[in-house]
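So the structure is just underneath, and the comments pick up after that.
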Amino acid sequence: EDQVTQSPEALRLQEGESSSLNCSYTVSGLRGLFWYRQDPGKGPEFLFTLYSAGEEKEKERLKATLTKKESFLHITAPKPEDSATYLCAVQDWGSNYKLTFGKGTLLTVNP
Amino acid sequence: DVKVTQSSRYLVKRTGEKVFLECVQDMDHENMFWYRQDPGLGLRLIYFSYDVKMKEKGDIPEGYSVSREKKERFSLILESASTNQTSMYLCASSLGTAITDTQYFGPGTRLTVL
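Quick look at the structure:
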C-alpha cells in the first residue's frame, strides 16, 4: 500500500527565513510525485510534478527535489503570502490514476 | 488554464436528505475524481471516473454514488445524508495520458449535515 508522510506538521518562519518541507513516500513504482498548495477553505492548487530521482523544479521562491525515498520543498526567502498548507501526493503505476496524499504541512510566515 | 468548478461553495442539509454535488471541467479531461477532506485525515478518494458512464470506487465509497453522463460533468450523490458526511468535498480532473496525469482541483464545497 502506498504511503506518504509529511513533516513537520506545522512550521512557523520569519519573513526571509529559508527552510524545507519533507515528504517521505513508499510506492511500488513511482509514476509521479505532486506538490500542491492549499489556502484555507479552498481547493488545492497544483505546484509541481516530479517523475524521477534527481529531478528538480522551481517556481518563484519554491524549489522541489526528488530522491528515491523522499521529496523536499525548499522555500527561499519566504514572504507572508507563502503561508498555506503544502500537500504532497504520489501516484503509483499500478494505481489507475489514484493519488495518495500526505496530511500536509501548515506553513506560517510572519512579517 | 484548467478550470474546475463546483456547484456550491457552502451547503447545509438535513439528515436523511438526498444531496447532489456537481462538478464541471472545461478542459476535455478524461478522468474526474471526488475527494473528501477532513482535519487529521487528509484527502480521501470517494469515487473516480475514467470515461463517460464509467466509474470506480475509491477508498471510502460507502454512502455515496456518482454519475457521469457527459464528459465534462461529474456528480456526487449522497442518497441519505448523515451527520458523519459533514466535510469539505473536492472535485478534481486530469487529462489521463500515459505519461503525466496531474489532477486539478475545484474550489471545494463545504457541506454541513444537521
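Line by line, the protein sequences give chains A and B.
The first sequence begins at 3 in my numbering and counts up one residue at a time.
The second sequence begins at 14 in my numbering and counts up one residue at a time.
Yeah, the Cβ is synthetic: ideal placement off N, Cα and C, and Gly gets one too.
What is the DSSP secondary structure of residue i, counted as helix, strand or coil?
{"i": "glutamine 98/B", "result": "helix"}
{"i": "aspartate 41/A", "result": "coil"}
{"i": "glutamate 69/B", "result": "strand"}
{"i": "asparagine 98/A", "result": "coil"}
{"i": "lysine 26/B", "result": "strand"}
{"i": "tyrosine 77/B", "result": "coil"}
{"i": "glycine 109/B", "result": "coil"}
{"i": "glutamine 116/B", "result": "coil"}
{"i": "glycine 34/A", "result": "strand"}
{"i": "valine 111/A", "result": "strand"}
{"i": "valine 29/A", "result": "coil"}
Express the C-alpha separation of residue j and residue i in angstroms, rounding to a whole number.
{"i": "leucine 108/B", "j": "histidine 42/B", "result": "4 Å"}
{"i": "aspartate 114/B", "j": "phenylalanine 48/A", "result": "12 Å"}
{"i": "threonine 99/B", "j": "leucine 91/B", "result": "11 Å"}
{"i": "glutamate 35/B", "j": "phenylalanine 87/B", "result": "6 Å"}
{"i": "glutamate 30/B", "j": "aspartate 64/B", "result": "28 Å"}
{"i": "serine 2/A", "j": "proline 46/A", "result": "In the structure displayed, chain A extends from 3 to 113; residue 2/A sits before or after that span and is not available."}
{"i": "methionine 101/B", "j": "glutamate 58/A", "result": "32 Å"}
{"i": "lysine 105/A", "j": "valine 17/B", "result": "23 Å"}
{"i": "serine 22/A", "j": "arginine 63/A", "result": "11 Å"}
{"i": "leucine 52/A", "j": "lysine 83/B", "result": "31 Å"}
{"i": "glycine 56/A", "j": "asparagine 98/A", "result": "25 Å"}
{"i": "phenylalanine 118/B", "j": "cysteine 90/A", "result": "14 Å"}
Contact defined as beta carbons within less than 8 Å: I believe residue i pairs with residue j. What is the distance between those atoms, to the nearest angstrom?
{"i": "valine 111/A", "j": "lysine 65/A", "result": "Valine 111/A to lysine 65/A, Cβ: 16 Å. No contact."}
{"i": "aspartate 39/B", "j": "leucine 58/B", "result": "The Cβ separation is near 22 Å, so there is no contact."}
{"i": "glycine 76/B", "j": "leucine 103/B", "result": "Contact flag wrong, Cβ pair sits at about 17 Å."}
{"i": "threonine 107/A", "j": "alanine 12/A", "result": "7 Å"}
{"i": "serine 93/B", "j": "valine 79/B", "result": "Actually they do not touch by this definition, with Cβ atoms about 16 Å apart."}
{"i": "leucine 109/A", "j": "tyrosine 88/A", "result": "6 Å"}
{"i": "alanine 86/A", "j": "glutamine 16/A", "result": "That pair is no contact at about 17 Å."}
{"i": "alanine 72/A", "j": "serine 30/A", "result": "For the record, residue 72/A in the displayed sequence is glutamate; it is not alanine. 16 Å between Cβ atoms; not a contact."}
{"i": "leucine 24/B", "j": "leucine 124/B", "result": "5 Å"}
Could you name the residues of chain A that residue i contacts, counting a contact when the two beta carbons are closer than 9 Å?
{"i": "phenylalanine 61/B", "result": "Asn98, Tyr99, Lys100"}
{"i": "glutamate 75/B", "result": "Result: empty, since nearest Cβ-Cβ is about 17 Å, beyond 9 Å."}
{"i": "tyrosine 85/B", "result": "Looking at the sequence shown, residue 85/B is not tyrosine but glutamate. Chain A residues near glutamate 85/B: none, gap ~17 Å exceeds 9 Å."}
For residue i, return the contacting residues in chain B, with the cut-off set at a CB-CB distance below 9 Å.
{"i": "phenylalanine 74/A", "result": "Simply none; closest approach about 19 Å."}
Taking C-beta pairs closer than 8 Å, name the residues in chain B that residue i reaches, listed in chain order.
{"i": "lysine 44/A", "result": "Pro120, Gly121"}
{"i": "lysine 61/A", "result": "Correct list: empty, because the minimum Cβ distance to chain B is about 14 Å."}
{"i": "glycine 106/A", "result": "Gly55"}
Taking Cβ-Cβ distances shorter than 7 Å, what residues in chain A pair up with residue i?
{"i": "serine 88/B", "result": "Within 7 Å Cβ-Cβ: nothing; serine 88/B doesn't reach chain A, min ~17 Å."}
{"i": "leucine 56/B", "result": "Phe103"}
Check the Cβ of residue i against every Cβ in chain B and list those closer than 7 Å, keeping chain order.
{"i": "glutamine 93/A", "result": "Asp114"}
At 8 Å on the CB atoms, spell out the chain A contacts of residue i, in chain order.
{"i": "glutamate 35/B", "result": "Neighbours of glutamate 35/B on chain A: none; closest Cβ ~15 Å, over 8 Å."}
- Task: At 3 residues or longer, and completely inside the segment 47-83 of chain A: list those beta strand (DSSP E) runs for me, N to C.
- Result: With a minimum length of 3 residues, the continuous beta strand (DSSP E) runs that stay inside the segment 47-83 of chain A are 47-52, 58-61, 64-68, 72-77.
- Item | Contained beta strand (DSSP E) runs [length at least 3] in the segment 29-56 of chain B, N- to C-terminal order | Within the segment 29-56 of chain B, the complete beta strand (DSSP E) runs of at least 3 residues are 32-38, 44-51.
- Query: For the segment 95-111 of chain B, which residues have a CB atom closer than 9 Å to at least one CB atom of chain C, in sequence order?
  - Reply: No chain C appears in the structure shown, which is made up of the protein chains A and B.
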